[in-house]
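*Asks:* First, the structure itself, so that you have it in front of you.
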Amino acid sequence: MGRAAVVRLLHALGVIAVVVTLTFALARLLPGDPFASIADHPSVDAAWRARLRTTYGFDEPLLAQFVRWCGAVLRGDLGYSFSAQRPVRELLAHALPWTLLLSSVALTVGGVLGIALGSGQAVRRGGWADRLTGSTTLVLASIPDVVVATAVLVLFGQRLRWFPIGGATGLDGGGAGDVARHLVLPAATLALLVAVTLARFHRAAMVRGADADYLLAARASGLSRWRIFWRHALPNAIAPTLTVIGVLLPILLTGTIFVEKVFAWPGMGSVLANAVLARDYHVVTAVALLSTTAVVVASAAIDALLAWLDPRTRAR
Amino acid sequence: MRLLALLAVLGCASPDASRTATLVVATSAEPSSLLPMFVTETQGRAVSEQLFDRLSEIGPGLNTVGDAGFAPRLAERWEWSADSLRIAFHLDPRARWHDGQPVRAIDVQRALQLVKDSRTTAPQASDFGAIDSISVTDSLTATAWFSRRSPQQFYLAGYLLFPVPAHAIAGIAPDSLRTSAFARAPIGSGPFTLVSWLPQDRIELRAVADHYRGAPTLGRVVWQYASEASVSVRRLFAGEADFMETLSPPDVAELAKYPEVRAVGYPSFDYTLLAFNARDPVRHTQPHPLFGDRALRRALTMAVDRQQLARALFDSLGAPGLGPFVRAQAFADTTIPAIPFDVVAARATLDSLGWRLGANDSIRTRGGKRLAWSTLVPASSKNRQKAALILQAAFKAVGAEMTIEGLDFAGFLARQDARRFDAAIVGWRPNAGAVSLPQTWGRAGLRPGGNNLASYASDTFDAAVDSGVNALSPVEQRRLLRRAFETIIADAPAIWLYEPRNVAGAHRRVAVPALRPDAWWADLSRWTVAARLPRDTVTR
Chain B
28 MGRAAVVRLL HALGVIAVVV TLTFALARLL PGDPFASIAD HPSVDAAWRA
78 RLRTTYGFDE PLLAQFVRWC GAVLRGDLGY SFSAQRPVRE LLAHALPWTL
128 LLSSVALTVG GVLGIALGSG QAVRRGGWAD RLTGSTTLVL ASIPDVVVAT
178 AVLVLFGQRL RWFPIGGATG LDGGGAGDVA RHLVLPAATL ALLVAVTLAR
228 FHRAAMVRGA DADYLLAARA SGLSRWRIFW RHALPNAIAP TLTVIGVLLP
278 ILLTGTIFVE KVFAWPGMGS VLANAVLARD YHVVTAVALL STTAVVVASA
328 AIDALLAWLD PRTRAR
Chain A
6 MRLLALLAVL GCASPDASRT ATLVVATSAE PSSLLPMFVT ETQGRAVSEQ
56 LFDRLSEIGP GLNTVGDAGF APRLAERWEW SADSLRIAFH LDPRARWHDG
106 QPVRAIDVQR ALQLVKDSRT TAPQASDFGA IDSISVTDSL TATAWFSRRS
156 PQQFYLAGYL LFPVPAHAIA GIAPDSLRTS AFARAPIGSG PFTLVSWLPQ
206 DRIELRAVAD HYRGAPTLGR VVWQYASEAS VSVRRLFAGE ADFMETLSPP
256 DVAELAKYPE VRAVGYPSFD YTLLAFNARD PVRHTQPHPL FGDRALRRAL
306 TMAVDRQQLA RALFDSLGAP GLGPFVRAQA FADTTIPAIP FDVVAARATL
356 DSLGWRLGAN DSIRTRGGKR LAWSTLVPAS SKNRQKAALI LQAAFKAVGA
406 EMTIEGLDFA GFLARQDARR FDAAIVGWRP NAGAVSLPQT WGRAGLRPGG
456 NNLASYASDT FDAAVDSGVN ALSPVEQRRL LRRAFETIIA DAPAIWLYEP
506 RNVAGAHRRV AVPALRPDAW WADLSRWTVA ARLPRDTVTR
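Line by line, the protein sequences are chains B and A. Using our numbering, read the first sequence as starting at 28 and increasing by one per residue. Using our numbering, read the second sequence as starting at 6 and increasing by one per residue.
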């Protein structure tokens, strides 16, 4: 057990190292530098941008930059963001909580809704409710995410004015209630997109197990339909769904770019999108470090959860 | 009483009623810094120039020659020496930094030292080369020394230079100033002080009640950021924001559905051009195989109906470009003849240059080479992308093939810096003065890292610009620069495409004065807002 844990840890560290190294190099292969967006003016010439590159060491060989960056990271310094004009650590410390809030609410609501929809479809397999839900989730899954987000924003924010348009807090200092009001539209959009994905996976998992022997035995022993569902069918079908959730977790950390941009949510997705466009190397690499770590941790957590839920997987 | 009732009906605000009001500005980009010496972009200037005052403010005519029209700010008055090589600025004794310390002459001196210090990496450091030094005559008198007379002496020292609180930055090394905590939360001298800067979210400023120029008529100003411009527009339409500096033509059309929001037009300081690279993009010492030829550039210019192009992009909210200047600049001359739109003449010129169309060809060739090139366009600019498509069609009509190469802005700028392009659609926002002309179009900008993107070189132009920039009267400057502009327009190193007319969106509760083309925010501290929303009652 101890050896397996060490192997897993080393494997995880290897994955993080490879992803971060690749991101570090690829970001610098893109044309441009972090000073492009702050110098579009006739009085500002290329020589000035070159001087800035020298001042901040971006003209050094890639390897030298990487070694310097690694040393700084080990000291807890993630560098400076020239697009946000603050240390990267400070920028991420501001953005991460907002993304975690958005993602956790969206994942919880979307997860429960998706599993409920998928279960409902499976229980009434072939019926009109199954077909209607299946068609609806297929349509929603097919519409580009950004279209769904924009439609939600225009309808509920601009036209009906039920919720604020963008941002995470208002100007009136409203506290938790204020944050909740701002959270509704982006979280609902993201939850909807999570739900339609999960519903389809979960229905398929439930249908695959519908003719299993243990369910046949349960039915033969006279258990109620709901008891069979809650005690036998759902726990056995949940494993593949949890695996999908495990994949979604890290995506929700940085993959919420479109929702964060459309709703001006000041989270990690916005940070990453802006940093890539601004060639803000330090931010891009730091986000890669953070998201890869999240992938590794989420993967381990899901494996542990699956093992707890399904004893058969513990021996694997 | 009747007046108050009338104001209430009209939704306007008296200055007193406005003093608790919040003005919310929706915009798409955060400042690159809050210290004016590091800021060049509009969004950053709008904020940093509320935090910091200059020695003097430019007049409504935007004259930059001498001190005509300039109004006192931190300097309550100034004196020229008899030989015009010194200007003594007498500071307003009531002026205070936001921490309560008085503004002193040493703050003016320190500002120049920092801007000129290469370690500070201030982007416009080269502009200040004309000021030798600033000496402290007494605590309230700073004297700027110049090595030679120039028409923009006063503009440089009195307008472009922002004093900094020497006492607050004493411990910060010049090479750390840009990334220092002070740069994010500075102590300024302007009518507003910083409350908070939440990254990717907002910047909040609060009025300085005891400001030496009088309390602002607004209680606070909040810049709300959204990287998607559409979010900013929706905030304005939904009443969550009070002002947005630029609306696109489709947004202006949609404005009719929102009676509580109105359009406010004002002249622009932006112009866009198609720059022809006169040098080979690979072997920079060689002329460009196509655009090294003046006659070819002129022929291609004749192929473009710029009037139609401006109308297609902006309807009535834009005009064809005139040359390397905008109409709002004090020295602008709208009577200089342009190369006319004349497709027949364009075709004839191309024929005469040996670029011929074969019987079944749609693209001209000469010596087996096609008349074809690629044009860089930043993907972030919808207007420039649309302009590229219109140009492509116009050139095709005369037998030339232009391919469009869309790049994100950082990539676009990298290629532009390296001069690795045939042609590029470039947007410029010049300073009010003519001082940057030699750098952008003269031989001075041809050096490596210079700003003469088209690598345009003309002795006639250089001489005329040099004379114009150094003319000591606005009338003389205009006359001399006209000669320079006639030369460059005839040489066609670029096609001057369009100059948009800005349209801002403003909520009707905001009384917006006439907006200055180079700085809509110039009188922000005097704007009034009818305080009637929950956000207007927040006190801090």
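Think of the CB as a built atom: it goes at the ideal place given N, C-alpha and C, for glycine as much as any other residue.
On the premise that Pro-383/A lies in contact with Arg-332/A, defined as a C-beta separation below 8 Å, what is that separation, rounded to the nearest angstrom?
*Replies:* Wrong, their Cβ atoms sit about 24 Å apart, outside the cutoff.
*Asks:* Can the beta-carbon of Gln-55/A be found closer than 7 Å to that of Phe-167/A?
*Replies:* Their beta carbons are not under 7 Å apart, which means Gln-55/A does not touch Phe-167/A by this criterion.
*Asks:* Counting along the chain, where does the alpha helix (DSSP H) carrying Thr-258/A start and finish?
*Replies:* The displayed chain sequence assigns Ala, not Thr, to residue 258/A. Where Ala-258/A is concerned, the enclosing alpha helix (DSSP H) stretches over 254-259.
*Asks:* Taking Thr-380/A as the reference, which of Gly-372/A, Gly-373/A and Gln-390/A has the closest Cα?
*Replies:* Comparing Cα-Cα distances from Thr-380/A to each of Gly-372/A, Gly-373/A and Gln-390/A, the minimum goes to Gln-390/A.
*Asks:* Which residues does DSSP list as the beta-bridge partners of Asp-356/A?
*Replies:* According to DSSP, which records beta bridges pairwise, Asp-356/A is partnered with nothing at all.
*Asks:* Quick one: residues in its chain with C-beta nearer than 7 Å to the C-beta of Val-234/B, no 5 flanking neighbours on either side, listed in chain order?
*Replies:* The answer, listed in chain order, is Ala-149 and Arg-152.
*Asks:* With 7 Å as the C-beta to C-beta threshold (strictly closer), list the residues of the segment 405-416 of chain A near chain B in chain order.
*Replies:* Result list: Asp-413, Phe-414, Ala-415 and Gly-416.
*Asks:* Excluding the 5 residues flanking Thr-408/A on each side, which residues of the same chain have their C-beta closer than 6 Å to its C-beta?
*Replies:* Closer than 6 Å at Cβ, skipping near neighbours: Ser-379.
*Asks:* Reducing DSSP to helix, strand and coil, say where Ala-327/B ends up.
*Replies:* Of the three classes helix, strand and coil, the one that applies to Ala-327/B here is helix, per DSSP.
*Asks:* Measuring CB to CB, does Trp-501/A end up less than 7 Å from Gly-326/A?
*Replies:* Going by C-beta atoms, Trp-501/A is nearer than 7 Å to Gly-326/A.
*Asks:* Determine contact between the segment 424-441 of chain A and the segment 273-280 of chain A, defined as no fewer than three beta-carbon pairs at a distance below 8 Å.
*Replies:* The segment 424-441 of chain A, when compared against the segment 273-280 of chain A, does touch it at the 8 Å Cβ threshold.
*Asks:* So is Ala-39/B in contact with chain A if we call contact Cβ pairs under 7 Å?
*Replies:* Not an interface residue.
*Asks:* Is Asp-143/A helix, strand or coil when you go by DSSP?
*Replies:* Strand, per DSSP.
*Asks:* At a threshold of 6 Å, does Pro-505/A count as lining the ligand SAM (C-beta to nearest heavy atom)?
*Replies:* Of the ligands one can find in the structure shown there are none, so the ligand SAM has no counterpart to examine.
*Asks:* Using a Cβ cut-off of 7 Å (strictly closer), state whether Leu-418/A contacts chain B.
*Replies:* By this cut-off, Leu-418/A is an interface position.
*Asks:* Would Ala-302/B count as contacting chain A if we go by Cβ distances under 7 Å?
*Replies:* By this cut-off, Ala-302/B is not an interface position.
*Asks:* Is the CB-CB distance between Gly-59/B and Ala-428/A below 7 Å?
*Replies:* Their beta carbons are not under 7 Å apart, which means Gly-59/B does not touch Ala-428/A by this criterion.
*Asks:* Determine, using beta-carbon pairs with one atom in the segment 343-352 of chain A and one in the segment 297-317 of chain A, whether at least three such pairs fall under 8 Å.
*Replies:* Judged by Cβ distances under 8 Å, the segment 343-352 of chain A makes contact with the segment 297-317 of chain A, as three or more pairs qualify.
*Asks:* Three or more beta-carbon pairs under 8 Å between the segment 286-294 of chain B and the segment 203-223 of chain A, yes or no?
*Replies:* Yes, they touch.
*Asks:* Grab me the residues of Gln-158/A's own chain with a C-beta within less than 6 Å of its C-beta, minus the 5 sequence neighbours each way, in chain order.
*Replies:* Hits under 6 Å: Phe-151.
*Asks:* In or out: Asp-366/A buried (at least 16 other Cβ within 10 Å) or exposed?
*Replies:* When all chains shown are included, Asp-366/A counts as exposed.
*Asks:* Using a Cβ cut-off of 7 Å (strictly closer), state whether Ala-178/B contacts chain A.
*Replies:* Not an interface residue.
*Asks:* I need the straight-line Cα distance from Ala-283/A to Thr-125/A, nearest angstrom please.
*Replies:* Going by the C-alpha atoms only, they are around 34 Å apart.
*Asks:* Assuming contact is defined by CB atoms lying nearer than 7 Å, are Leu-129/B and Ala-222/B in contact in what I supplied?
*Replies:* Contact: no.
*Asks:* Have a look at Ala-519/A, Ser-185/A and Arg-82/A and flag the residue whose alpha-carbon is nearest the alpha-carbon of Pro-65/A.
*Replies:* Taking only the C-alpha atoms, the option nearest Pro-65/A is Ala-519/A.
*Asks:* With a threshold of 7 Å between beta carbons, is Asn-282/A in contact with chain B?
*Replies:* No, Asn-282/A lies away from the interface with chain B (no Cβ there is under 7 Å from its Cβ).
*Asks:* List, from N- to C-terminal side, the beta strand (DSSP E) runs of 3 residues or more that fit wholly inside the segment 174-240 of chain A.
*Replies:* For the segment 174-240 of chain A, whole beta strand (DSSP E) runs of length 3 or above, ordered along the chain, are 197-203, 207-212 and 225-230.
*Asks:* Cα-Cα, which of Gln-397/A, Pro-254/A, Ser-357/A and Pro-264/A is closest to Leu-322/A?
*Replies:* Taking only the C-alpha atoms, the option nearest Leu-322/A is Pro-254/A.
*Asks:* If we count Cβ pairs, one from each stretch, closer than 8 Å, do we get three or more for the segment 487-495 of chain A versus the segment 469-476 of chain A?
*Replies:* Output reads yes: the segment 469-476 of chain A touches the segment 487-495 of chain A.
*Asks:* Do Tyr-217/A and Ala-100/A have their C-beta atoms within less than 7 Å of each other?
*Replies:* In contact: Tyr-217/A and Ala-100/A (Cβ atoms closer than 7 Å).
*Asks:* Near Ser-530/A, what residues of its chain come up, given a Cβ to Cβ distance below 6 Å and the 5 sequence neighbours on each side ignored?
*Replies:* Excluding positions up to five away in sequence, the list reads Pro-196 and Pro-221.
*Asks:* Please report whether the beta-carbon of Pro-293/B lies at a distance below 7 Å from any beta-carbon of chain A.
*Replies:* Pro-293/B counts as touching chain A.
*Asks:* To the nearest angstrom, how far is the alpha carbon of Leu-159/B from that of Gly-273/B?
*Replies:* Taking the straight line from one Cα to the other gives about 28 Å.
*Asks:* Would you check if the distance between the CB atom of Ile-139/A and the CB atom of Val-120/A is smaller than 7 Å?
*Replies:* No.
*Asks:* Can you give me the C-alpha to C-alpha distance between Asn-456/A and Val-71/B, rounded to a whole angstrom?
*Replies:* The straight-line gap from Cα to Cα measures roughly 8 Å.
*Asks:* Cutting at 6 Å between CB atoms, please list the residues of its own chain near Val-94/B, excluding the five before and the five after it.
*Replies:* Closer than 6 Å at the Cβ level, and outside the excluded window around Val-94/B, lies no residue.
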